[in-house]
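Numbering (our numbering), first residue to last: 48 to 144.
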Amino acid sequence: MKPNGRLLRRSGLFPLAGPEALRPGARGKALPWRALLSAAPQDARLDAARREHLLHRAGQQIETLVSLHDRAATALPSPAPPLGAASAAATGKETPP
């Protein structure tokens, strides 16, 4: 059994949690490219244009993950009311906390 209590299906929050989990990795991937880019002027072996391209790609990946996260967040269904709230609304009586 998976932690979400489901055996075969994904959790309803997976579309939101997936991009959240991947974003730190994408940011971490950009760090070495940034460091190598700053070292490129002192080392002829480092092609600055290639490092700029790789840093740009990492930035695009981060933007894509942010976009996917935002889209998933707006698509989440509204939370269901508490169990007692539905019956209280139907009967007009409040339930004790």
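Where a beta carbon is used, it is the ideal one built from N, C-alpha and C, also for glycine. Everything numeric in this text was worked out from a predicted model, so none of it was measured.
Open item on the list: Checking 8 angstroms against the spacing of the C-beta atoms, do E99 and L78 come in under that value?
Closed with: no
Task: Contact the stretch 61-72 vs the stretch 117-129: 3+ CB pairs below 8 angstroms - done: The stretch 61-72 makes contact with the stretch 117-129, as at least three CB pairs between them are under 8 angstroms.
- [ ] Compute the Euclidean distance between the alpha carbons of P88 and L69, then round it to the nearest angstrom.
- [x] Those two C-alpha atoms are separated by around 31 angstroms.
TODO: Just mark L123 as buried or exposed, buried being the case when its beta carbon has 16 or more other beta carbons within 10 Å.
DONE: exposed
- [ ] Please confirm if P88 has its CB atom under 8 angstroms from at least one CB of chain B.
- [x] Of the protein chains in this structure there is only one, and it is not chain B.
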